[in-house]
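Enquirer: The structure that follows is given in the form of structure tokens.
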Amino acid sequence: MATSPLEHTAPSGLTAAEVAERVARGATNASGARASRTLVEIAKANILTRFNAILGAMLVVILALREPGDALFGVVLVSNVLIGVVQEWSAKRKLDQLAVLNAPRAHVVRDGTPLELAVDDVVLDDILELRSGDQVCADGVVTTSDGLELDESLLTGESDPIEKGAGDDVLSGSIVMAGNGRFQATKVGLDAYALQVTSEARRFSLVRSELQDGTNRILVYVTWAIVPCTALLLWSQLRGPGTYHTQLVRVVAGVVALVPEGLVLLTSLAFLIAARVLARRRVLVQELPAVEGLARVDVVCVDKTGTITEGVVEFHSLVPLATRACEGALGALAADEHANATMHAVAEAFDDPGWHRTATVPFSSARKWSAASFDGEGSWYIGAPEMLWTKSPAGGDEVLARAQTFAAAGRRVLLLACSTAALDGDAVPDGLEAVALVLFEERVRPDAPETFRYFTEQGVTLRVISGDNPATVGAVAARAGVPGAERVFDARNLPEEIDALADVLDEYTVFGRVAPHQKRAMVRALQSRGHVVAMTGDGVNDALALKDADIGIAMGSGAPATRAVAQLVLLDGQFAAMPGVVAEGRRVIANVERVANLYVTKTVYAVVFAVVVGVARWRYPFVPRHMTIVSSLTIGIPSFFLALAPNTRRYVPGYVRRVARFTVPAGVTVGAATLVTYGIVRRFAGVSDGEAGSTAIVVLVVLGLWVLIVLARPLTLARLVLVATMAGAFVILLVAEPLRSFYEVELSPTWAVWGVAAVVGAGAVALVDVVARRALTDDARHG
1 MATSPLEHTA PSGLTAAEVA ERVARGATNA SGARASRTLV EIAKANILTR
51 FNAILGAMLV VILALREPGD ALFGVVLVSN VLIGVVQEWS AKRKLDQLAV
101 LNAPRAHVVR DGTPLELAVD DVVLDDILEL RSGDQVCADG VVTTSDGLEL
151 DESLLTGESD PIEKGAGDDV LSGSIVMAGN GRFQATKVGL DAYALQVTSE
201 ARRFSLVRSE LQDGTNRILV YVTWAIVPCT ALLLWSQLRG PGTYHTQLVR
251 VVAGVVALVP EGLVLLTSLA FLIAARVLAR RRVLVQELPA VEGLARVDVV
301 CVDKTGTITE GVVEFHSLVP LATRACEGAL GALAADEHAN ATMHAVAEAF
351 DDPGWHRTAT VPFSSARKWS AASFDGEGSW YIGAPEMLWT KSPAGGDEVL
401 ARAQTFAAAG RRVLLLACST AALDGDAVPD GLEAVALVLF EERVRPDAPE
451 TFRYFTEQGV TLRVISGDNP ATVGAVAARA GVPGAERVFD ARNLPEEIDA
501 LADVLDEYTV FGRVAPHQKR AMVRALQSRG HVVAMTGDGV NDALALKDAD
551 IGIAMGSGAP ATRAVAQLVL LDGQFAAMPG VVAEGRRVIA NVERVANLYV
601 TKTVYAVVFA VVVGVARWRY PFVPRHMTIV SSLTIGIPSF FLALAPNTRR
651 YVPGYVRRVA RFTVPAGVTV GAATLVTYGI VRRFAGVSDG EAGSTAIVVL
701 VVLGLWVLIV LARPLTLARL VLVATMAGAF VILLVAEPLR SFYEVELSPT
751 WAVWGVAAVV GAGAVALVDV VARRALTDDA RHG
């Protein structure tokens, strides 16, 4: 068991012997959950599919009939499995390596020594330290608290930070918003609250998305079609002329043609390859469905610090507002082991005077200030001027005016103030004395303007939402080239009603003084208007918005809680990686849809073949090796290249509808043209069934290549080479007698036969083109 009644652990923590005893009985924080599948699970998932079962059964039939030449589709079957296993295993290894770099760490006290351990190595009754930005990794009871405030909204939905004192319970999954403290772990591993809720949800899933759901719907429809078509083929062929041997071979050809054998593979591979490509760019994909979301993103919300700027805060200057000396107070305030980045910058500029700290109010994103009392030195406050200077004396607006002037120049401005009154939680005392303005500088990332330009060109709009002064945010955003940065909205005036908030977001681009709960509300307001929102951030105040966004993107150097809830982590913290991330998602999803059109078109015309041949009780025109030619040259080989081709089209809902709009009329046209050619030619005097079937195969390949051309538009040089290579391979097959003989292609010497094929084929080409222009206008425009 990983729980126990509370038996107080000494403040010095567990001893080595106590840790070993708990490890021996399994009282550790290891959840047993894996982020990815084992090699055996990967192999089973790629082998045990419904279509592999169908093709495998057909392969057994062909081998039993001793027709190895017609078993070439078995090579495709085995290749699909091997490619799927190898690619997923390779992607798994790369993602697992990156996941280790992003793995959360816990600060534990053992034998009186602070240690940093992997979260899984925490044991029952450990004493753990909590710092701002940490995510609690086990359930427990607070032992010490210094202004500790936890946000439990990821568990309870309540967004207000909750103060935690000694004796209060803490739940795993909570986020430390302010202060620090220690707690004793009373529930670890699968007994901890958060792991009970999320252990299954965090397990690996290949793709669970609208795209995958749409593909699964298509596969269900195909399965429904295969069963009656197979029965109809068996009934018609076995009642026709010829031996059971030849009849069964042709039934197999009809069934194999019905199966979109590469659709599932390529859909899965597209996501895995995207994850691996992003991994090479040091982008960790924590949830594979995020790849689809990347393709659909049309609004990107960014924080200022750490995204637009480099995230390094540097002290710039001090602007005195009173005669009182303040250097000692700044040094004393910064002498805090839990200081944030801003106070670290202060510590580098001012020495610690050694004042004795008697009380502390830690910084939080909600109040935007911190304070400390010092023995004999009074209480000192530092934070946002407009948040501290709320009870200014007459004429005190000059302080805010001066602060605003510096903020408009792009400086981060904090007010240093003092009081003789004792600290009183969140309350700002009356009679606060403004002592100085402390100015800081942040450098805009050199690549930020180019990154924002990319988003604008791609039709992705931006929203800069920061907790800093609106004037500062606007100035920095303008330097970074954010469109609309000249108009900034103070988030303290934002409406709470969702529609009114969405109206403001439609009008403004840059927002300052945004509270953490407002970031979350802004994401939801954008989503209420149908936008697909990506949220980037690095601070703990971004965690809730990242969790609610369609795609949460955390900086690798950000708070552990932020990285934990994000779907993507930019491990190098480079915002410039974002264009490549979005482009990769668009490429993958648009290409999956393009490839799906190829495979489903084949299934549609295969259904036409089965129905018409079955009802007319014709001999099925083709043998399996014929369908291998068609599948390989017009679909299989090209689809792998098209799945990796550049594509910038933004994915929009309606995948199944769009696929059906093209594939049904195109497939019916191709199937009808092929059978019309076969039906006319087989009635020619002196033309054998073999010659009629071979003529139909030529028409089918030509039409298949035309469908490929239509779907590959616009025809870049690479795509032209691909189509030309496939066409050239088919010509070689027709010209080379050994290949022609192996594939049982019998070319008719009659010009009339080829005239019929040319006329019917040309008409079908024109009709397919009309279908494409009506159904694939968006694809043709965006390529």
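Counted from 1, the sequence shown has number 298 at position 298 by the working numbering; the numbering is strictly sequential. Each residue gets a CB set at the ideal place from its N, CA and C atoms; glycine is no exception. Just so you know, these numbers come straight off a predicted model, no measurement behind them.
Among the candidates 444, 495 and 491, whose CA atom is the shortest distance from the CA of residue 482?
Expert: Within the sequence shown, residue 482 is the residue found at index 482, counting from 1. It is 444 whose Cα lies nearest to the Cα of residue 482.
Enquirer: Does DSSP put residue 324 in a helix, a strand or coil?
Expert: As a working note, residue 324 is residue 324 in the sequence shown. Here residue 324 sits in coil by DSSP.
Enquirer: So, does the region 223-240 touch the region 610-624, judging by three or more C-beta pairs under 8 Å?
Expert: Yes, they touch.
Enquirer: Short of 6 Å in beta carbon distance, which residues of its chain neighbour residue 765, apart from the five on each side in sequence? Order them along the chain.
Expert: As a first step, residue 765 must be located in the sequence shown, where it is residue number 765. Excluding positions up to five away in sequence, the list reads 706.
Enquirer: Since residue 237 is in the alpha helix (DSSP H), which residue starts that stretch and which ends it?
Expert: In the sequence shown, the residue the question calls residue 237 occupies position 237. Taken as a continuous stretch (DSSP letters only), the alpha helix (DSSP H) holding residue 237 covers 210-238.
Enquirer: Hey, which unbroken runs of the beta strand (DSSP E) at 3 residues or more fall wholly within the region 468-508?
Expert: As far as the region 468-508 is concerned, its whole beta strand (DSSP E) runs of at least 3 residues are 488-490.
Enquirer: Taking the alpha-carbon of residue 762 as reference, which of 505, 672 and 319 has the nearest alpha-carbon?
Expert: Position 762 of the sequence shown, counting from 1, holds the residue named residue 762. Nearest C-alpha to residue 762: 672.
Enquirer: So what does residue 419 bridge to, in DSSP terms?
Expert: The count along the sequence shown starts at 1 and reaches residue 419 at position 419. Beta-bridge pairing links residue 419 to 379.
Enquirer: For the beta strand (DSSP E) holding residue 533, just list the boundary residues, first then last.
Expert: Residue mapping note: residue 533 aligns to position 533 of the sequence shown, counting from 1. Note, residue 533: beta strand (DSSP E), 533-537.
Enquirer: Do residue 173 and residue 135 have their CB atoms nearer than 8 Å?
Expert: Along the sequence shown, one-based indexing puts residue 173 at 173. Along the sequence shown, one-based indexing puts residue 135 at 135. Result yes, Cβ atoms of residue 173 and residue 135 sit closer than 8 Å.
Enquirer: Return the CA-CA distance between residue 746 and residue 57, expressed in angstroms with no decimal places.
Expert: Counting from one through the sequence shown, the residue named residue 746 turns up at place 746. Counting from one through the sequence shown, the residue named residue 57 turns up at place 57. If I take the Cα positions, the gap works out to 29 Å.
Enquirer: Do you know offhand how far residue 19's Cα is from residue 111's?
Expert: In the sequence shown, counting from the first residue as 1, residue 19 sits at position 19. In the sequence shown, counting from the first residue as 1, residue 111 sits at position 111. If you take the alpha carbons of residue 19 and residue 111, they lie about 10 Å apart.
Enquirer: To test your reading of the DSSP string, which unbroken alpha helix (DSSP H) runs of 4 or more residues are found completely within the region 644-723?
Expert: As far as the region 644-723 is concerned, its whole alpha helix (DSSP H) runs of at least 4 residues are 655-681 and 689-712.
Enquirer: So, with DSSP's three-state summary, where would you put residue 778?
Expert: Taking the sequence shown and counting its residues from 1, the one referred to as residue 778 is at position 778. Legend: pLDDT at residue 778 = 49, less than 50; position of this residue unreliable, value from coordinates given subsequently. Three-state DSSP puts residue 778 in a helix.
Enquirer: Could you name each continuous alpha helix (DSSP H) segment of 4 residues or more that falls completely within the region 332-376, going from the start of the chain to the end?
Expert: Listed in chain order, the complete alpha helix (DSSP H) runs (minimum 4 residues) inside the region 332-376 are 341-349.
Enquirer: Answer yes or no: do residue 77 and residue 55 have a C-beta to C-beta separation smaller than 8 Å?
Expert: For the purposes of this step, residue 77 is taken as the residue at position 77 of the sequence shown. For the purposes of this step, residue 55 is taken as the residue at position 55 of the sequence shown. The answer is yes: Cβ separation under 8 Å.
Enquirer: Considering only C-alpha positions, which residue in the set 299, 633 and 282 is nearest to residue 454?
Expert: For the purposes of this step, residue 454 is identified with residue 454 of the sequence shown, where counting begins at 1. Ranking the options by Cα distance to residue 454, first place goes to 299.
Enquirer: Which residues in the same chain have their Cβ closer than 7 Å to the Cβ of residue 302, if we skip the five residues on either side of it in sequence?
Expert: One-based indexing of the sequence shown puts residue 302 at position 302. Excluding sequence neighbours, residue 302 sits near 308, 462, 464 and 536.
Enquirer: In three-state DSSP terms, what is residue 548?
Expert: Position 548 of the sequence shown, counted from the first residue, corresponds to residue 548. In this structure, residue 548 counts as helix in the three-state DSSP scheme.
Enquirer: In whole angstroms, what separates the C-alpha of residue 646 from that of residue 583?
Expert: Mapped onto the sequence shown, residue 646 falls at position 646. Mapped onto the sequence shown, residue 583 falls at position 583. Spanning the two alpha carbons is a distance of roughly 9 Å.
Enquirer: When you compare only the Cα positions, how much space is there between residue 451 and residue 43?
Expert: Locating residue 451 in the sequence shown gives position 451, counting from the first residue. Locating residue 43 in the sequence shown gives position 43, counting from the first residue. Roughly 40 Å between the two C-alpha positions.
Enquirer: Excluding sequence positions up to five away, which residues of its chain have a Cβ less than 6 Å from the Cβ of residue 335?
Expert: For the purposes of this step, residue 335 is taken as residue 335 along the sequence shown, with counting starting at 1. These residues qualify, in order along the chain: 352.
Enquirer: What first and last residue would you give for the beta strand (DSSP E) that runs through residue 145?
Expert: Locating residue 145 in the sequence shown gives position 145, where the first residue counts as 1. That run of the beta strand (DSSP E) goes 139-151.
Enquirer: So does the region 464-477 actually touch the region 400-420, counting three or more Cβ pairs closer than 8 Å?
Expert: Result yes; three or more Cβ-Cβ pairs closer than 8 Å.
Enquirer: Tell me residue 107's beta-bridge partners as DSSP assigns them.
Expert: Your numbering for residue 107 matches position 107 in the sequence shown. Per DSSP, 116 and 129.
Enquirer: For residue 175 and residue 543, which I take to be in contact (beta-carbon distance under 8 Å), what is that distance rounded to the nearest angstrom?
Expert: The residue given as residue 175 occupies position 175 in the sequence shown. The residue given as residue 543 occupies position 543 in the sequence shown. That pair is a contact at about 6 Å.
Enquirer: Going by the C-beta, is residue 478 closer than 7 Å to any heavy atom of the ligand MG?
Expert: No copy of the ligand MG occurs in the structure displayed, which carries no ligand at all.
Enquirer: Cutting at 8 Å between CB atoms, please list the residues of its own chain near residue 591, excluding the five before and the five after it.
Expert: Residue mapping note: residue 591 aligns to position 591 of the sequence shown, counting from 1. Contacts found: 270, 642, 643, 644, 645 and 647.
Enquirer: Given residue 613, which residues of its chain have a CB within under 6 Å of its CB, disregarding the five upstream and five downstream residues?
Expert: The count along the sequence shown starts at 1 and reaches residue 613 at position 613. Excluding residues within five positions, the ones whose Cβ falls inside 6 Å are 620.
Enquirer: Near residue 689, which residues of its chain fall below 7 Å by C-beta distance, leaving aside the five closest residues on each side in sequence?
Expert: Mapped onto the sequence shown, residue 689 falls at position 689. Here the set comprises 619 and 682.
Enquirer: Suppose the cutoff is 6 Å on Cβ atoms and the five residues either side in sequence are ignored; what does the same chain contact list for residue 47 look like?
Expert: Here residue 47 is taken as the residue at index 47 of the sequence shown, counted from 1. Result list for residue 47: 81, in chain order.
Enquirer: What distance in whole Å lies between the Cβ atoms of residue 333 and residue 369, which are believed to be in contact at a cut-off of 8 Å?
Expert: Here residue 369 corresponds to residue number 369 of the sequence shown, with the count starting at 1. Here residue 333 corresponds to residue number 333 of the sequence shown, with the count starting at 1. Not quite, the Cβ-Cβ distance comes to about 11 Å (not below 8 Å), so this is no contact.
Enquirer: Can you tell me the Cβ-Cβ gap for residue 261 and residue 51, rounded? I've got them flagged as a contact below 8 Å.
Expert: Here residue 261 refers to the residue found at position 261 when the sequence shown is read from its first residue. Here residue 51 refers to the residue found at position 51 when the sequence shown is read from its first residue. Going by Cβ atoms, the distance from residue 261 to residue 51 rounds to 6 Å, so yes, they are a contact pair.
Enquirer: Please return the same chain residues whose Cβ sits closer than 7 Å to the Cβ of residue 478, not counting the five positions on each side in sequence.
Expert: Position 478 of the sequence shown, counted from the start, is the residue given in the question as residue 478. Taken in chain order, the residues that qualify are 485 and 486.
Enquirer: What would DSSP say about residue 8, mapped onto helix, strand or coil?
Expert: Within the sequence shown, residue 8 is the residue found at index 8, counting from 1. Residue 8 falls in the coil class under three-state DSSP.
Enquirer: Among residues of its own chain, excluding the 5 on either side of residue 825, which ones have a beta-carbon nearer than 8 Å to its beta-carbon?
Expert: Within the shown structure, residues of the chain are numbered from 1 to 783, placing residue 825 beyond reach of any answer.
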